[in-house]
Structures are given as C-alpha cells and as structure tokens.
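Contents: one structure, followed by commentary.
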Amino acid sequence: MKENRLCLNCNEVLLGRKDQKFCDAHCKSAYHYEQLQNNPSSFYKKVDRQLKKNRQLLKSYNKPGKATVRAAILLEQGFNPRYFTHFWKNKKGHIYFFVYEFGFHSVMENGKKKYLLVTWQPYMEKIDT
Ligand SMILES: [Zn+2]
Numbered sequence: 001m002k003e004n005r006l007c008l009n010c011n012e013v014l015l016g017r018k019d020q021k022f023c024d025a026h027c028k029s030a031y032h033y034e035q036l037q038n039n040p041s042s043f044y045k046k047v048d049r050q051l052k053k054n055r056q057l058l059k060s061y062n063k064p065g066k067a068t069v070r071a072a073i074l075l076e077q078g079f080n081p082r083y084f085t086h087f088w089k090n091k092k093g094h095i096y097f098f099v100y101e102f103g104f105h106s107v108m109e110n111g112k113k114k115y116l117l118v119t120w121q122p123y124m125e126k127i128d129t
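If you're matching positions, the sequence shown starts at 1 in the numbering used here and goes up one per residue.
Structure (structure tokens):
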C-alpha cells in the first residue's frame, strides 16, 4: 500500500505529483512564513550553544604554562573557530578572536596549526582611532 503524503502546512492528503509538498500556493507561503518566524530563534540557540562550547574548551586549555594548543585537539572536541564574540588586534596587526574573556590566535608551528590562548586584559578595551 502506498503511503499517503501530507501537506507540510495543513496535513491534508496530497494527490498530485510525487514531489508535491503542499496543497497549493497558499499552504506553501504560509509554511515558509512560519519557518521564517521560527528560524531566528533556532539560529540564536545554535550560535549560543557553539559559543558556550567554545568558551568552555578555551577555558579548559587556557592554563598558565600551557597557553598553546594544537588546533586539531580543540576541533575534535567541537571547537568552531568561526564562532566568537569579539576580536582584538595587536600592534603588529595580529587578530585575536575572543569568546567572552578567552581569546585565541592561529599560528603555524612545524607545519601544524596551533592556537595561542590568551585572556582578555583591560588594555584591550581601548579602541584604536
Ligand atoms: Zn495544505
């Protein structure tokens, strides 16, 4: 027996083409409007979760005397360097990305990517003009 396909918006049984997802244009636009209403919050939650994860990982490796860590070690634990809260640029123009108070800066050492870990300092608040 063939399984009934239902409209994604109103759950009516669909009788049209195999790839049909909605009864009509109205249901289609109503569904997409609904998605748009819901997505900002799920995107917020996704970013929020990643920031928390990143901060927790940076914090756990940011110990005195152990301020450099191989990128692969953080990445395999779920660190995503594209999610950060702000950045700081030093006088040499190097960018340090921060996840709240914990920062990281990519360096290459012996052909391996590493992160130099730092902690936010009061002098970093100053905005260059
Ligand atoms: Zn429908």
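The beta carbon of each residue, even a glycine, is placed where N, CA and C say it ideally should be. If you're wondering where the values come from, they're calculated on a predicted model, not measured in any experiment.
Sufficient close CB pairs (3 or more, under 8 Å) joining the segment 45 to 62 to the segment 112 to 120: yes
Cross-strand partners of Ser106 (DSSP beta bridge): Tyr115
The segment 69 to 88 contacting the segment 99 to 106, beta-carbon criterion three pairs below 8 Å: yes
Residue range of the alpha helix (DSSP H) that includes Val13: First-last for Val13: undefined, no H or E at that position.
8 Å Cβ shell around Arg6 - same chain, five flanking residues per side excluded: First, the residue type needs correcting, since residue 6 is Leu and not Arg in the sequence shown. Contacts found: Glu12, Val13 and Leu14.
Pair within 9 Å by beta-carbon distance, Gly78 and Lys46: no
Short Cβ contact (9 Å threshold) for Tyr83 with Leu51: yes
Minimum length 4: unbroken alpha helix (DSSP H) runs contained in the segment 64 to 100: 71 to 75
Helix, strand or coil at Leu51 according to DSSP, with G and I counted as helix: helix
C-alpha gap between Glu3 and Ala30, whole angstroms: 24 Å
One or two residues paired with Leu6 in a DSSP bridge: Val13
Short Cβ contact (9 Å threshold) for Leu8 with Lys21: yes
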